[in-house]
Structure formats: structure tokens, C-alpha cells
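Novice:
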């Protein structure tokens, strides 16, 4: 029985490949149930032209252990800000929020990254895209960064992003079969240099 909950936010144009490894690992190998949600609960089309029928709308959400926010052009266009009260509440309750690629622009614009270590696609891009950004002193030039309950990653860092999520919850140590499966994504012979 699944006793932890992960919400994956989906929206038109979301970058479907970015959270894929994390949600597959969580759903297949752990006690997390992954549920998708959109603002209105209606189907969305990802950047890869996949139609996703969310299980829930924003209004139907309950408390979750983990919220994953993928990237997509919508963030640089200032869309999807309706999720902010939910994200604020989750963070105030100590829940984990994981944002990748342009979702880090959203996190910066809302001030969620001001006082924690974080990363994004590029510091210069982050500063240009979010004039109100105040977290430069905490910016770390790494593929993925975890500080307290916030995980951030650049858009090419699907594997490190997933690793930080799994590590946050101690999953790699808890499940030998899962660690074996996830290890395939770290093998040097599968890397492109």
C-alpha cells in the first residue's frame, strides 16, 4: 500500500521528459503514489505532444509529501501563478517542493529561493528573467541542488534531479532493487560526452 503522496503539476507545454525518471522511480519502486494535477483538472498537452488527463485540479489538492514542478515556456510567460498559495502552504508545512528548468524562474519570482541554496538553467538568465530575484548569493552552479525541503535543477539534469528527490526521502538506501535500477542511469558507458 502506498502511504506517501507526490503531486506532479502538468500544464500545456510542460517539459514531460524532465520529471519522467523521478516519477517513474517513485511510482514503481517506492511507497509514493504519483498523482497529476492541472489548474482546472482538464487534459493538457505536453511539449512532447503527449496528452495527459490529470487526476485532480488545483482546487482538489490535499497535503502531499512531495510536489514536482516541471519546466516549460509557461513559466517565462508568467503563467500558472495560481499554484502559489498551494506551494507556500506546502513549504510552510515542511513538505518538499522540487522544481526543474524554467520552474526555477517561478520559484525565484515568488521569493522561494531567496534564502536557500539553489540552481537554475543559468544565473544570468535567472537574473534577466526575474528582475525581483534576490537569491544570487545562494546560487550554486550545479546540475541539481537540495537545500532544506527545496530541490532545484537545470533543464538538462533529469537524472541528478531524480537523485536529489530520491535522496531527500532516503529511497536509495531503502530499496536494493530500486538502487540497482537507478544505477543504470549513472553508468559511464551510457553517458554522452
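Numbering (UniProt numbering), first residue to last: 1 to 193.
Note that the Cβ used here is the ideal one computed from N, Cα and C, for glycine as well.
What's the call for residue 90, buried or exposed, on a 16-neighbour Cβ count within 10 Å?
Specialist: Buried is the call here.
Novice: Does the stretch 78-88 touch the stretch 133-153, meaning 3 or more C-beta pairs lie closer than 8 Å?
Specialist: With the cut-off at 8 Å, the stretch 133-153 and the stretch 78-88 do not touch.
Novice: Taking buried to mean at least 16 other C-beta atoms within 10 Å of its own C-beta, is residue 62 buried or exposed?
Specialist: By the neighbour-count rule (16 or more Cβ atoms within 10 Å), residue 62 is not buried but exposed.
Novice: What residues match up with residue 33 in a beta bridge as DSSP calls it?
Specialist: According to DSSP, which records beta bridges pairwise, residue 33 is partnered with 5.
Novice: Mind the definition here: the stretch 35-49 touches the stretch 125-136 only if three or more C-beta pairs lie below 8 Å; say whether that holds.
Specialist: At 8 Å Cβ cutoff, the stretches do not touch.
Novice: Would DSSP call residue 144 helix, strand or coil?
Specialist: Note: residue 144 maps to strand in three-state DSSP.
Novice: When burial is assigned at 16 or more other CB atoms within 10 Å of the CB, is residue 48 buried or exposed?
Specialist: Classification for residue 48: exposed.
Novice: To the nearest angstrom, how far is the alpha carbon of residue 55 from that of residue 41?
Specialist: In a straight line, the C-alpha of residue 55 is about 7 Å away from that of residue 41.
Novice: Between the C-alpha atoms of residue 107 and residue 148, what's the straight-line distance to the nearest angstrom?
Specialist: Going from the Cα of residue 107 to the Cα of residue 148 covers about 15 Å.
Novice: Of the choices 68, 64, 30 and 15, whose alpha-carbon is the least far from that of residue 51?
Specialist: Comparing Cα positions, the closest option is 15.
Novice: Runs of 3 residues minimum, wholly inside the stretch 111-191: which ones carry the beta strand (DSSP E) assignment?
Specialist: For the stretch 111-191, whole beta strand (DSSP E) runs of length 3 or above, ordered along the chain, are 144-147 and 150-153.
Novice: Hey, out of 122, 93 and 85, whose CA is closest to residue 111's CA?
Specialist: It is 85 whose Cα lies nearest to the Cα of residue 111.
Novice: Using DSSP with H/G/I as helix, E/B as strand and the rest coil, what is residue 99?
Specialist: If DSSP states are grouped into helix, strand and coil, residue 99 belongs with the strands.
Novice: Say whether the stretch 158-171 touches the stretch 19-27, bearing in mind that this needs 3 or more beta-carbon pairs closer than 8 Å, one atom from each stretch.
Specialist: Flag = yes, the stretch 158-171 and the stretch 19-27 touch.
Novice: Grouping DSSP H, G and I as helix and E and B as strand, with all else coil, what is residue 63?
Specialist: If DSSP states are grouped into helix, strand and coil, residue 63 belongs with coil.
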